[in-house]
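Protein chains: 2
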Amino acid sequence: MKVDVVQKVLKANDDIAKLVRARFDEYGISCINMISAPGSGKTTLIETALKQGLSGVRIGVIEGDPETTRDAERIAKYDVPVVQINTAGGCHLESQLVLQALDKLPLDAIDLLIIENVGNLVCPVGFDLGEKSRVAVVSVTEGQDKPFKYPRLFQTANIVILNKVDLLPYVPFDVEEFKQGVHGIQPDVPILHVSCTQGDGVEQWVNWLKGQADKQTNE
Amino acid sequence: MKVDVVQKVLKANDDIAKLVRARFDEYGISCINMISAPGSGKTTLIETALKQGLSGVRIGVIEGDPETTRDAERIAKYDVPVVQINTAGGCHLESQLVLQALDKLPLDAIDLLIIENVGNLVCPVGFDLGEKSRVAVVSVTEGQDKPFKYPRLFQTANIVILNKVDLLPYVPFDVEEFKQGVHGIQPDVPILHVSCTQGDGVEQWVNWLKGQADKQTNE
Numbered sequence: 001m002k003v004d005v006v007q008k009v010l011k012a013n014d015d016i017a018k019l020v021r022a023r024f025d026e027y028g029i030s031c032i033n034m035i036s037a038p039g040s041g042k043t044t045l046i047e048t049a050l051k052q053g054l055s056g057v058r059i060g061v062i063e064g065d066p067e068t069t070r071d072a073e074r075i076a077k078y079d080v081p082v083v084q085i086n087t088a089g090g091c092h093l094e095s096q097l098v099l100q101a102l103d104k105l106p107l108d109a110i111d112l113l114i115i116e117n118v119g120n121l122v123c124p125v126g127f128d129l130g131e132k133s134r135v136a137v138v139s140v141t142e143g144q145d146k147p148f149k150y151p152r153l154f155q156t157a158n159i160v161i162l163n164k165v166d167l168l169p170y171v172p173f174d175v176e177e178f179k180q181g182v183h184g185i186q187p188d189v190p191i192l193h194v195s196c197t198q199g200d201g202v203e204q205w206v207n208w209l210k211g212q213a214d215k216q217t218n219e
Numbered sequence: 001m002k003v004d005v006v007q008k009v010l011k012a013n014d015d016i017a018k019l020v021r022a023r024f025d026e027y028g029i030s031c032i033n034m035i036s037a038p039g040s041g042k043t044t045l046i047e048t049a050l051k052q053g054l055s056g057v058r059i060g061v062i063e064g065d066p067e068t069t070r071d072a073e074r075i076a077k078y079d080v081p082v083v084q085i086n087t088a089g090g091c092h093l094e095s096q097l098v099l100q101a102l103d104k105l106p107l108d109a110i111d112l113l114i115i116e117n118v119g120n121l122v123c124p125v126g127f128d129l130g131e132k133s134r135v136a137v138v139s140v141t142e143g144q145d146k147p148f149k150y151p152r153l154f155q156t157a158n159i160v161i162l163n164k165v166d167l168l169p170y171v172p173f174d175v176e177e178f179k180q181g182v183h184g185i186q187p188d189v190p191i192l193h194v195s196c197t198q199g200d201g202v203e204q205w206v207n208w209l210k211g212q213a214d215k216q217t218n219e
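If you're matching them up, the sequences are chains R and Y in order.
Under the working numbering, read the first sequence as residues 1 to 219, first letter to last.
Under the working numbering, read the second sequence as residues 1 to 219, first letter to last.
#1: Does any residue of chain R bring its CB to less than 8 Å from the CB of N120(Y)?
#2: Identify the residues that DSSP records as bridge partners of S36(R): which are they?
#3: So with Cβ pairs under 8 Å, would you call A136(R) a contact of chain Y?
#4: Check whether chain Y comes within 8 Å of R70(R), counting only Cβ atoms and requiring the distance to be less than that.
#5: Any C-beta of chain Y sitting closer than 8 Å to the C-beta of C196(R)?
#6: So with Cβ pairs under 8 Å, would you call T141(R) a contact of chain Y?
#7: For I32(R) versus E131(R), is the C-beta spacing smaller than 8 Å?
#8: To the nearest whole angstrom, what separates the beta carbons of L153(Y) and L121(Y), a pair I think is in contact under 8 Å?
#9: Listed in chain order, which residues of the region 158–171 of chain R have Cβ atoms closer than 8 Å to some Cβ of chain Y?
#10: Can you list, in chain order, the residues of its chain with a C-beta nearer than 7 Å to that of Q96(Y)? Leave out the 5 residues immediately preceding and following it.
#11: Is the beta carbon of I159(R) closer than 8 Å to that of L192(R)?
#12: In chain Y, which residues lie less than 7 Å from R58(R) when you measure between Cβ atoms?
#13: How about P151(R) and E67(Y): do their beta carbons lie closer than 8 Å?
#14: What residues from the region 22–37 of chain Y come within 8 Å of chain R, judged by C-beta to C-beta, listed N to C?
#15: Strictly below 7 Å CB to CB, what residues from chain R border G181(Y)?
#16: Out of Q144(R), P190(R), D200(R) and K164(R), point me to the one whose CA is closest to V175(R)'s CA.
#17: With a 10 Å radius around its C-beta and 16 neighbouring C-beta atoms as the bar for buried, classify S55(R) as buried or exposed.
#18: E26(Y): buried (16+ other C-beta within 10 angstroms of its C-beta) or exposed?
#19: Please list the terminal residues of the continuous alpha helix (DSSP H) segment that includes D65(Y).
#20: Of all Cβ atoms in chain Y, is any one closer than 8 Å to the Cβ of D14(R)?
#21: In the DSSP assignment, find the unbroken beta strand (DSSP E) run with L193(Y) in it and report its ends.
#22: G89(Y) touches chain R at which residues, Cβ-Cβ below 9 Å?
#23: Within a Cβ cutoff of 8 Å, which residues of the same chain sit near V182(R), ignoring the five residues on either side of it in sequence?
#24: What three-state label does DSSP hand I75(Y) in the structure shown?
#25: Consult DSSP for I159(Y) and reduce its assignment to one of helix, strand or coil.
#26: Could you give the residue range of the beta strand (DSSP E) that holds E94(R)?
#27: Should K149(R) go down as buried or exposed, given a rule of 16 or more other Cβ atoms within 10 Å for buried?
#28: At a CB-CB cut-off below 9 Å, which residues of chain R make contact with G201(Y)?
#29: Exposed or buried, A22(R), counting other C-beta atoms within 10 Å across all chains shown (16 or more means buried)?
#30: For K146(R), which residues in chain Y fall below 8 Å Cβ to Cβ?
#31: Please report the straight-line C-alpha distance between Q204(Y) and K104(R), rounded to a whole angstrom.
#32: In three-state terms, what does DSSP make of Q186(R)?
#33: Output yes or no for whether 8 Å exceeds the beta carbon distance between S36(R) and A136(R).
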């Protein structure tokens with residue numbers, strides 16, 4: 001009975017995700033869905049890319065949080081279109097919320113739409129938002145056991161960001177075990193080491209983002 | 001329709017939580033429920049208390065994770081009874097799972113049962129596990145915005161641990177804003193600053209735990 005309810009919710013989500021994806025195709029938009037625990041640095045990763053600039057790739061952002069417009073306000077400073085979704089305590093974004101948010105964005109002026117999901121390593125994973133790619137973010141302060149304990153995100157990620165690597169000298173984090181955990185789940189997924197404060201990996205992160213937009217444009 | 005389903009699940013959970021609480025009363029067990037984002041340091045907080053010793057308070061532990069027995073193995077080294085609950089991808093513990101776990105614990109040899117919930121700032125909050133007290137843990141690397149963006153946990157916490165304060169020199173974390181956020185939601189909740197690696201606040205944490213067991217004994 002319980003499983004049946006979950007399946008119905010997921011099916012409804014997948015049906016609406018198809019509509020979202022059709023809108024993206026219509027406007028030539030590439031979409032990425034960023035998933036991590038709360039406080040892993042998703043917003044700062046977006047801010048850092050916007051600071052660097054993306055060589056003509058026009059960015060739009062959807063921010064998901066249980067409450068507040070704090071993250072959208074941070075992004076708005078970079079003068080890009082941004083919509084905040086508040087889930088009123090909800091633990092993940094669903095495609096219906098994204099579809100509503102699209103009405104508030106200038107879709108013909110966006111090449112790459114970045115969705116920052118609610119901070120949660122579990123619930124967002126099952127919900128397709130119409131994205132082309134998924135970004136999994138783990139900060140080194142969270143411990144190298146995360147891919148083992150929370151494997152499902154790492155099954156569906158197109159790239160894994162190991163974030164806040166500037167803190168490695170101060171925390172007990174085994175990089176090799178983390179890599180083994182991720183590649184045990186998905187052998188070929190790239191793992192980028194990034195520090196937005198020190199600059200490590202920022203160029204690769206920006207290039208990956210630009211590549212996402214280019215891919216869409218070339219299809 | 002969706003809300004109705006959620007209410008039914010929550011009501012079933014609350015009914016079973018009453019049975020769990022009755023078992024705790026029968027055995028004179030005090031129970032605490034630890035909730036945080038993944039990687040905030042819940043397991044290390046438990047390990048640190050076990051290392052210090054709790055002056056005759058007999059501890060039992062239930063570990064909740066989507067997958068693996070890693071956390072239970074860490075706790076078992078301290079020679080205390082421990083049960084691992086794997087939720088098979090599920091995002092929170094429910095009282096039914098705790099009730100099942102109780103059958104695997106020597107209840108007459110436990111004064112204080114510590115439940116470490118699945119790492120998630122959202123979903124565990126709505127599910128009563130029969131606990132006497134809730135511990136909310138936030139590490140300084142997660143940012144001071146967490147009480148604002150994820151307020152519901154802080155409404156129901158009996159104590160808030162600001163963890164990993166040894167990392168404060170290396171991260172942009174505004175302690176005052178964090179405190180304002182927590183106390184704006186619940187003015188009198190204590191906030192403990194803890195570093196398990198440096199020892200800050202460990203004595204207060206251990207004393208708080210002992211106080212939880214004493215309270216139960218004196219009732």
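Backbone N, C-alpha and C fix where the C-beta goes; we use that ideal spot for every residue, glycine too.
Considering the structure as presented:
#1: Against the second sequence, residue 120(Y) aligns to sequence position 120. Interface residue, yes.
#2: On the first sequence, position 36 is the one that residue 36(R) refers to. The partner list for S36(R) (beta bridge, DSSP) reads V137(R).
#3: The residue you call residue 136(R) lines up with position 136 of the first sequence. Judged by the 8 Å Cβ criterion, A136(R) is not in contact with chain Y.
#4: Translated into the one-based positions of the first sequence, residue 70(R) becomes position 70. Yes, its Cβ sits closer than 8 Å to a Cβ of chain Y.
#5: Translated into the one-based positions of the first sequence, residue 196(R) becomes position 196. It does not; no Cβ of chain Y falls within 8 Å.
#6: Your numbering for residue 141(R) matches position 141 in the first sequence. It does: the Cβ of T141(R) has a partner Cβ on chain Y nearer than 8 Å.
#7: Looking up residue 32(R) in the first sequence gives position 32. Looking up residue 131(R) in the first sequence gives position 131. Against a cut-off of 8 Å, the Cβ pair of E131(R) and I32(R) comes out as a contact.
#8: Within the second sequence, residue 153(Y) is the residue found at index 153, counting from 1. Within the second sequence, residue 121(Y) is the residue found at index 121, counting from 1. Confirmed, Cβ separation roughly 6 Å.
#9: K164, D166, L167, Y170 and V171
#10: Start at 1 with the first residue of the second sequence, and residue 96(Y) comes out as number 96. If we look at Q96(Y) and ignore the five residues flanking it on each side, its Cβ neighbours are I16.
#11: Position 192 of the first sequence holds residue 192(R). Position 159 of the first sequence holds residue 159(R). Their beta carbons are under 8 Å apart, which means L192(R) touches I159(R) by this criterion.
#12: Counting from one through the first sequence, the residue named residue 58(R) turns up at place 58. Here the premise fails: no neighbours, minimum Cβ distance about 27 Å.
#13: On the first sequence, residue 151(R) is found 151 positions in, with the first residue counted as 1. On the second sequence, residue 67(Y) is found 67 positions in, with the first residue counted as 1. The answer is yes: Cβ separation under 8 Å.
#14: A37
#15: What you label residue 181(Y) is simply residue 181 of the second sequence in a count that begins at 1. By Cβ distance, chain R contributes nothing, its closest Cβ being about 10 Å from G181(Y), past 7 Å.
#16: Taking the first sequence and counting its residues from 1, one reaches residue 175(R) at position 175. For the residues Q144(R), P190(R), D200(R) and K164(R), the minimum Cα distance to V175(R) belongs to Q144(R).
#17: Here residue 55(R) refers to the residue found at position 55 when the first sequence is read from its first residue. Burial call: exposed.
#18: For the purposes of this step, residue 26(Y) is taken as the residue at position 26 of the second sequence. Classification of E26(Y): exposed, given that the 10 Å Cβ count is below 16.
#19: Translated into positions along the second sequence, residue 65(Y) becomes position 65. That residue, D65(Y), is in no alpha helix (DSSP H); its beta strand (DSSP E) goes I59 to D65.
#20: Taking the first residue of the first sequence as position 1, residue 14(R) is located at position 14. No, no contact with chain Y.
#21: As a position in the second sequence, residue 193(Y) is number 193, starting the count at 1. It should be noted that the sequence gives His, not Leu, for residue 193(Y). Taken as a continuous stretch (DSSP letters only), the beta strand (DSSP E) holding H193(Y) covers I191 to V194.
#22: The count along the second sequence starts at 1 and reaches residue 89(Y) at position 89. The contacting residues are V122, V125, G126, Y150, P151 and R152.
#23: As a working note, residue 182(R) is residue 182 in the first sequence. These residues qualify, in order along the chain: P147, F154, V160, V189 and I191.
#24: Here residue 75(Y) corresponds to residue number 75 of the second sequence, with the count starting at 1. Three-state DSSP puts I75(Y) in a helix.
#25: If you number the second sequence from 1, residue 159(Y) lands on position 159. DSSP places I159(Y) in strand when its eight states are reduced to three.
#26: Reading the first sequence from its first residue, position 94 is the one you call residue 94(R). Segment: none, E94(R) is in no beta strand (DSSP E) and carries neither H nor E.
#27: The residue you call residue 149(R) lines up with position 149 of the first sequence. By the 10 Å Cβ count, K149(R) comes out buried.
#28: Taking the second sequence and counting its residues from 1, the one referred to as residue 201(Y) is at position 201. Near G201(Y) there are no residues of chain R at all, since even the closest Cβ is about 18 Å away, more than 9 Å.
#29: Indexing the first sequence from 1 puts residue 22(R) at position 22. So A22(R) ends up on the exposed side.
#30: Within the first sequence, numbered from 1, the residue matching residue 146(R) stands at position 146. Neighbours of K146(R) on chain Y, chain order: P38 and G39.
#31: Mapped onto the second sequence, residue 204(Y) falls at position 204. Mapped onto the first sequence, residue 104(R) falls at position 104. So the two alpha carbons sit approximately 49 Å from each other.
#32: Within the first sequence, residue 186(R) is the residue found at index 186, counting from 1. Correct three-state label for Q186(R): coil.
#33: Residue 36(R) sits at position 36 when you count from the first residue of the first sequence. Residue 136(R) sits at position 136 when you count from the first residue of the first sequence. For S36(R) and A136(R), yes; Cβs fall inside 8 Å.
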